[in-house]
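Engineer: To start, I am sharing the structure in question, which I have written as structure tokens.
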Amino acid sequence: MRLPALTGPLRSWLLEEPSDDVAIGVIAKSDLLRGQASMMLPELRQEALRPASPADIMGILRSREQTFGDLRTERTEAEWAAFFADYFEALNGLTASQIEAGMVAYIALPDSEWSPKPGKLAHLAKTTPSTGRFTRAYNRARAAVVASQPAVPKPEEPRPSAEEVQVMMANFHRAMADKDPFAKLKAKARQPTPSAKVDDTGVSAEMRALWARQRAA
13 MRLPALTGPL RSWLLEEPSD DVAIGVIAKS DLLRGQASMM LPELRQEALR PASPADIMGI
73 LRSREQTFGD LRTERTEAEW AAFFADYFEA LNGLTASQIE AGMVAYIALP DSEWSPKPGK
133 LAHLAKTTPS TGRFTRAYNR ARAAVVASQP AVPKPEEPRP SAEEVQVMMA NFHRAMADKD
193 PFAKLKAKAR QPTPSAKVDD TGVSAEMRAL WARQRAA
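Numbering-wise (the numbering used here), the sequence shown opens with residue 13 and increments by one.
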């Protein structure tokens with residue numbers, strides 16, 4: 013049995029329960045199951061990513077003997093070894109769940125009269141979405157552990173102390189001491205209006221008064 017350490021109720025919730033939400037909820041609420049799940053996370057992840065062994069590959073192919081007649085062909089032991097060797101090479105590094113998903117995708121093709129060629133099966137295994145039993149088990153265990161952890165409070169932005177506020181206000185008042193906040197409004201008020209009457213020289217009395225103030229300043 014793969015992962016012999018995964019036994020009892022935890023194995024049932026991780027591998028046999030149809031609903032992810034139910035499994036995660038039960039494990040998250042149980043201190044015992046949650047602790048076991050946390051300890052099993054490294055092994056579950058390793059198993060989820062474990063490449064298929066030659067026995068895994070042969071098992072997937074032989075399970076389709078009733079579907080593809082060429083897999084029931086009489087062959088010598090040496091011929092079978094040569095037959096499977098090409099699959100071992102083409103499928104090297106892929107997980108059993110990937111290969112199984114690729115086989116299912118191949119069977120669904122309208123022209124899948126014979127067993128898939130190694131390269132074809134490898135291509136489908138790499139491009140067909142799949143979630144293996146142990147990948148799902150790892151995802152469930154991890155989600156249950158994370159769900160039970162308290163939410164990390166968002167750090168509050170530091171607030172200035174009373175002394176720092178006093179320093180900032182003092183700096184502000186010093187910077188504004190030589191500035192008139194109404195200077196722009198006063199300057200605009202002193203500007204002659206466009207409708208002011210002008211004399212023979214084309215200059216209004218308001219404009220002459222403005223010039224006089226500027227010279228006196």
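Even glycine gets a Cβ: it sits at the ideal position worked out from N, Cα and C.
(1) Residue range of the alpha helix (DSSP H) that Ser50 falls in?
(2) Please classify Met13: is it buried, with 16 or more other beta-carbons within 10 angstroms of its beta-carbon, or exposed?
(3) Taking 7 Å as the threshold (C-beta atoms), are Ala60 and Tyr150 in contact?
(4) Could you round the C-beta distance between Ile36 and Arg152 to whole angstroms and report it? I think they count as a contact, below 8 Å.
(5) With three or more beta-carbon pairs closer than 8 Å as the criterion, would you say the segment 65–77 touches the segment 97–113?
(6) Which ranges would you report for the alpha helix (DSSP H) in the segment 111–174 if only whole runs of at least 4 residues count?
(7) Enumerate in chain order the residues of its own chain whose CB-to-CB distance from Tyr118 is below 8 Å, with the five nearest sequence positions on each side excluded.
(8) Quick check on this structure: which residue in Arg57, Glu28, Pro21, Glu55 has the alpha carbon closest to the alpha carbon of Leu44?
(9) Do Ser160 and Ala40 come within 7 Å of each other at the CB atom, strictly closer than that value?
(10) Report the CB separation of Pro130 from Asp98 in whole angstroms; it is logged as a contact under 8 Å.
(11) Looking at the ligand GDP, does it come within less than 6 Å of Val34, judged from the CB to the closest heavy atom?
(12) Could you work out which residue in Glu101, Arg23, Pro170 is closest to Leu53 when comparing CA atoms only?
(13) Tell me the DSSP bridge mates of Thr107?
(14) Check the C-beta distance from Leu15 over to Glu77 and give it rounded, since I have them as a contact under 8 Å.
(15) Which residue comes first and which comes last in the alpha helix (DSSP H) that contains Leu86?
(16) Residues in the same chain with beta-carbon distance under 8 Å from Arg46, minus the five sequence neighbours each way, listed in chain order, please.
(17) Are the Cβ atoms of Phe100 and Pro66 separated by less than 7 Å?
(18) When DSSP labels each residue in this structure, what does Phe96 get in the three-state scheme?
(19) Starting from Gly20 and walking both ways along the alpha helix (DSSP H), at which residues does that stretch end?
(20) Assign Ala49 to buried or exposed, taking buried as 16 or more other Cβ atoms, counted over all protein chains shown, within 10 Å of its Cβ.
(21) Return the CA-CA distance between Gln58 and Val34, expressed in angstroms with no decimal places.
(22) Quick check on the burial criterion: 16 or more other C-beta atoms within 10 angstroms. Buried or exposed for Trp92?
Structural biologist: So, from the listed chains and residues:
(1) 43–61
(2) Residue confidence for Met13 is low, a pLDDT of 48 falling below 50, so the modelled location carries little weight and cannot support an answer.
(3) yes
(4) 6 Å
(5) yes
(6) 130–139, 145–159
(7) Ser124, Pro128, Lys132, Leu133, Leu136
(8) Pro21
(9) yes
(10) 5 Å
(11) Although the ligand GDP was asked about, the structure shown includes no ligands whatsoever.
(12) Arg23
(13) Pro63
(14) Between Glu77 and Leu15 the Cβ distance is about 28 Å, and since that is not below 8 Å, they are no contact.
(15) Leu is not the amino acid found at residue 86; the sequence shown has Glu there. Note, Glu86: premise wrong, no alpha helix (DSSP H); not H, not E.
(16) Ile39, Ala40, Ala156, Val157, Ser160
(17) yes
(18) helix
(19) 20–23
(20) buried
(21) 24 Å
(22) exposed
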